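Asks: Numbering (my numbering), first residue to last: 174 to 712. Glycine included, each C-beta is placed from N, C-alpha and C at the ideal position. Everything numeric in this text was worked out from a predicted model, so none of it was measured.
1) Between the Cα of residue 482 and those of 514, 465, 495, 454, spot the shortest distance and give me the residue it belongs to.
2) When the Cα of residue 431 is compared with those of 598, 711, 566, 389, which residue comes out closest?
3) Taking the alpha-carbon of residue 223 as reference, which of 500, 284, 643, 674 has the nearest alpha-carbon?
4) For the pair the segment 418–438 and the segment 473–490, tell me if three or more CB-CB distances fall below 8 Å.
5) Among 268, 327, 702, which has the Cα closest to the Cα of residue 369?
6) For the alpha helix (DSSP H) that contains residue 664, what are its first and last residues?
7) Is the segment 619–628 touching the segment 678–694 in the sense that three or more CB pairs, one from each, lie closer than 8 Å?
8) With a 10 Å radius around its C-beta and 16 neighbouring C-beta atoms as the bar for buried, classify residue 341 as buried or exposed.
9) In chain order, what residues of the same chain have a beta carbon less than 7 Å from the beta carbon of residue 379, not counting five sequence neighbours either side?
10) In angstroms, rounded to a whole number, what distance separates the CA positions of residue 442 and residue 410?
11) Any chance you could list the alpha helix (DSSP H) runs of at least 4 consecutive residues sitting entirely within the segment 383–471, in chain order?
12) Under 8 Å by Cβ, that's how I've got residue 328 and residue 313 pegged, so tell me the actual separation to the nearest angstrom.
13) For the alpha helix (DSSP H) that contains residue 270, what are its first and last residues?
14) Please report the straight-line C-alpha distance between residue 712 and residue 385, rounded to a whole angstrom.
15) Residue 602 by DSSP, collapsed to three states: which one?
16) Can you check whether the CB of residue 651 is closer than 8 Å to the CB of residue 615?
17) Using DSSP with H/G/I as helix, E/B as strand and the rest coil, what is residue 232?
18) Per DSSP, which residues does residue 318 bridge with? Please list them.
19) Pick helix, strand or coil for residue 507, following the three-state DSSP scheme.
20) Compute the Euclidean distance between the alpha carbons of residue 672 and residue 175, then round it to the nearest angstrom.
21) List, from N- to C-terminal side, the beta strand (DSSP E) runs of 3 residues or more that fit wholly inside the segment 554–605.
22) Which ranges would you report for the alpha helix (DSSP H) in the segment 641–701 if only whole runs of at least 4 residues count?
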């Protein structure tokens, strides 16, 4: 049913907030998950019946957007009688009904003569369903309320010919060339051992386990969850098949704040890499783009650059953007948020028997690094947590890791080939915290599997110990596999940086740099830090 909740919700989402924001609470919709479930089941049944010609949910601007968008796509007109719209409240005006963003509503175009069949399906699920109008020839939207014509306008005026903003943008900032900045980072704080740095990073809210949050909801509902939250991507089985869907969300905010276009490319690449790490082929993207006021030329520039960066990466990975939203004016008392795009990636696993998870499985397995480590410390969790750099410091430095999208796709293809041949025991993306954190997380226990340690031997190759362990260079994955699979793994990794860096062992994580022991810790102690930090921070 349609109520007054959500009216102007879309415009409120793109408004600046101040002390009077409480007055806008009625514009916030309240969802009903159970009713949403009934609606989904009814829609699926109606679709299976063949009685539906078209269907669209009611998002921003409610009935207005859903009706004109469907008519525009079909090249037809619409006539709606708003008096027939089921209402939760009395005395609603035509304006309120057309702009309400009440949840759990769908607009359906039924095949002529089968309207009653559709209504009966929805009534069976205890849902209201009524005929409120018809598709007509022409190109106009006509609205009637209480017998009076209240609107008559071309559909195209609200779709293709709607006003387009041409806002001023700041000049594009050229991509900075790589500079040696790790000396500045390392000299900006008191000396600290790499072992202590690892512990501090594991306790960082951006890296620490989020189990305290996601365990508040039963992630095993409907018993189709194959890979639980906490991995690079979650995996849901498709019933009665061997297929599964992998899903992840990524939003490397610091990268985007420093360089919007490169940061957006890195966000899409990391999301694709995460689903590849569970053995899924990336197939589609959604997004949530959050920015401050677009009336500021610098904000409009960052928005434009983010869209360009996403487009370039999505084209490289052949992952269409199937949905998304944009929220501007995220400001409070004149202070805006940093540009914050969030990327959702969906991947397909053809055979769940070939899934990969991130934890080490077997003592004696070899551990290898796919991808190259570079001096990418200046926009990193290490720079923030250990060196004490602020986001403003990182923006001033202006250096984000560069990414070769073709090489990234080649790495993902190699991972999927290894998964297809069931060569790998584990795979884990190197992201926040760099290589050392990825190795430590691969050691931690999960799904009843006991924690395992690792003996890691690394060469710095001219990098500082900190860069070797904590740089956030993209396009890197830590994998483990049985020793007898080494030749085939190396063959599939041809053309990519590939190095065996250690073996899985009992319960201790040892990391040596150029033959010198840099880290030696019980995995249980590291895991305790990682697992308890967020709850301690928020609790």
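Replies: Taking the definition as stated:
1) 514
2) 566
3) 284
4) yes
5) 702
6) 659–665
7) yes
8) exposed
9) 554, 605
10) 24 Å
11) 384–387, 426–431, 433–449
12) 7 Å
13) 267–272
14) 10 Å
15) strand
16) yes
17) coil
18) 321
19) coil
20) 60 Å
21) 597–602
22) 659–665
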